[in-house]
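Number of protein chains: 2
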Amino acid sequence: MEALGSTARTRLHRVPKAAVTDRSALHAILDEGLICHVGFVSGDTPVVIPTGYGRVGELLYLHGSPASRMLRALGAGAPACVTVTLLDGLVLARSAVHHSMNYRSAVVFGQARLVTDTEERVEALRRFTDHIVPGRWDQVRQPDAREVGATAVLALDLQEASVKTRSGPPKDDDEDYALPIWAGVVPLALIPAAPVDDPRLLLGLTPPLAATAPRPHA
Amino acid sequence: MEALGSTARTRLHRVPKAAVTDRSALHAILDEGLICHVGFVSGDTPVVIPTGYGRVGELLYLHGSPASRMLRALGAGAPACVTVTLLDGLVLARSAVHHSMNYRSAVVFGQARLVTDTEERVEALRRFTDHIVPGRWDQVRQPDAREVGATAVLALDLQEASVKTRSGPPKDDDEDYALPIWAGVVPLALIPAAPVDDPRLLLGLTPPLAATAPRPHA
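In order, the protein sequences belong to chains A and B. Residues 1 to 218 (the numbering used here) are what the first sequence spells out, left to right. Residues 219 to 436 (the numbering used here) are what the second sequence spells out, left to right.
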């Protein structure tokens, strides 16, 4: 397993033990997550926007309207920080200050590249669709040339990335373990409910099995 | 219902119809969410970090080690952007490019204030704990003066905030509604599983009911 690149930005100052330095952990988080939070600077102000994404190899693709503020800023070369967080559980300790959450998060730094090559744009659109539901691209109407051209696609290299996780039981102060207070973890997961048909759905169609399978789909 | 403040930063340029301009919608998102993504600028670089939080009235509280990079930056007056996103469903359209997600998100801009008043710090710690599990603060060992002093607490005013949501079925192109492709929404929710006892739990203790209740707890 290749180590994640370590730079002044991705080095974890406070909790170095929480850093995971293999790329498979990074990929697993990005593939299991559905939305990322994209940070960029507008004037002197940080802006954090949630959006979908897709990973292909060592690239993370973002997309949207070419007129969106985020796409314009990133397409013009503004430094970006893209964070994906999976919330795995509530950590209930015996003392208030040791309450916490179990999670896995990935933070990627870099400058995005505006994707101009048509083939790469189509590949990114395929990945966005299959990221929402595996195999979906092959089941739906694929975009025509006009639609491919109307979507701005950005690629962010995963070279400068860090992974941070917390798992396991709470960590209480030694003397607090004797307290008669329940402590432990309440696992959390993003669970799909029964699909809701589109009001204009043709008769006799059923949802794809992959859409209702338990996540993670990675 | 009071309108959210509208500034150049919070005005939604692309999808003004997606803006929700009442404070109860903002509060509901912040109260249902468990983690926020905090954006700040370090050098020229945006940084986006996931963390817990708590809301009290028109204030959002953050906390952590006084030595953490985020707490130091925000405590020194760096502009912040705090975003909370609730993922409500996968939106499966008949065409690839109309795939989307249903969500509710809140974006708050401002400069955080370092909370020095002890009473306000304790109130914020109470809110962090009760935000994880309602009523938890009164069931656990509450922090002593040393613990209250060792935690950095920041307050961010909710004055400059915007809410954006998507809900409902996919929006396909008119001619695509005739295609024999399933379309609709797969609802998603963060669901708690059975609590896992701490390995050092005393005998005879059971988890608090509120920890296993379906979220949202708002």
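Glycine included, C-beta positions come from ideal geometry on N, C-alpha and C.
In this chain, the beta strand (DSSP E) harbouring Gly-64 of chain A covers 59-64. DSSP places Ser-260 of chain B in the strand class (E or B) of the three-state scheme.
Counting along the chain, Ser-162 of chain A sits inside the beta strand (DSSP E) bounded by residues 160-166. Counting other Cβ atoms within 10 Å of its Cβ, Gly-204 of chain A stays below 16 and is therefore classed as exposed. Val-163 of chain A and Ala-155 of chain A have their C-alpha atoms roughly 19 Å apart.
The C-beta of Ile-181 of chain A comes closer than 8 Å to at least one C-beta of chain B. Across the structure, His-316 of chain B and Val-371 of chain B are spaced so that their CA atoms are roughly 42 Å apart.
Secondary structure in the stretch 80-129 of chain A: the beta strand (DSSP E) runs of 3 residues or longer, each lying completely within the stretch, are 100-111 in chain order. Contact of Thr-301 of chain B with chain A by beta-carbon distance below 8 Å involves His-37, Val-48, Ile-49 and Pro-50.
For the C-beta of Gly-54 of chain A, not a single chain B residue is nearer than 9 Å; the gap to the nearest is close to 11 Å. Counted as a single uninterrupted DSSP element, the stretch harbouring Ala-431 of chain B is not any beta strand (DSSP E), since DSSP gives it neither H nor E. At a Cβ-Cβ threshold of 8 Å, Asp-356 of chain B and Gly-184 of chain A do not count as neighbours.
For the C-beta of Glu-147 of chain A, the chain B residues within less than 7 Å are, from N- to C-terminus, Val-315. The beta carbon of Tyr-103 of chain A sits closer than 8 Å to some beta carbon of chain B. In the same chain as Thr-430 of chain B, and ignoring 5 residues on each side of it, the C-beta atoms closer than 8 Å to its own belong to Pro-410, Ala-412 and Pro-413, in chain order.
Scanning chain B for C-beta atoms nearer than 7 Å to the C-beta of Thr-118 of chain A yields nothing, as the closest lies near 15 Å away. The DSSP-derived three-state label of Ile-181 of chain A is coil. When rounded, the separation of the alpha-carbon atoms in Leu-125 of chain A and Val-56 of chain A is 11 Å.
Comparing alpha-carbon positions, the option among B:Asp-249, B:Leu-308 and B:Leu-277 lying closest to Gly-328 of chain B turns out to be B:Leu-277. Here Arg-359 of chain B is not near Ala-178 of chain A, since their CB atoms are 8 Å or more apart.
Here the stretch 319-336 of chain B makes contact with the stretch 287-307 of chain B; the two share three or more CB pairs at distances below 8 Å.
Gly-270 of chain B carries a strand assignment under DSSP once its states are collapsed to helix, strand and coil. At least one beta carbon of chain B lies nearer than 8 Å to the beta carbon of Arg-136 of chain A. The three-state reading of DSSP puts Leu-420 of chain B in coil, since its state is none of H, G, I, E or B. A straight line joining the alpha-carbon of Leu-62 of chain A with that of Leu-71 of chain A spans about 8 Å. Residue state for Asp-391 of chain B is assigned as coil, using DSSP reduced to three classes. Assigned with DSSP and collapsed to three states, Leu-252 of chain B falls in coil, not helix or strand. Interface criterion not met: the Cβ of Ile-29 of chain A is under 8 Å from no Cβ in chain B. Following the DSSP letters along the chain, one finds Ala-368 of chain B in no beta strand (DSSP E) but inside the alpha helix (DSSP H) bounded by residues 363-368. The beta carbon of Lys-389 of chain B is closer than 7 Å to those of His-316 in its chain, skipping five residues each way along the sequence.
The C-alpha of Arg-136 of chain A is placed about 15 Å away from the C-alpha of Leu-34 of chain A. Rounded to the nearest angstrom, the gap between the Cα atoms of Phe-128 of chain A and Val-302 of chain B is 22 Å. Beta-bridge analysis with DSSP links Val-47 of chain A to A:Phe-40. Val-340 of chain B and Ala-145 of chain A have their alpha carbons spaced roughly 58 Å apart. For Gly-77 of chain A, there is no enclosing alpha helix (DSSP H), as DSSP marks it with neither H nor E. A direct Cα-Cα distance of roughly 24 Å separates Ala-285 of chain B from Val-41 of chain A.
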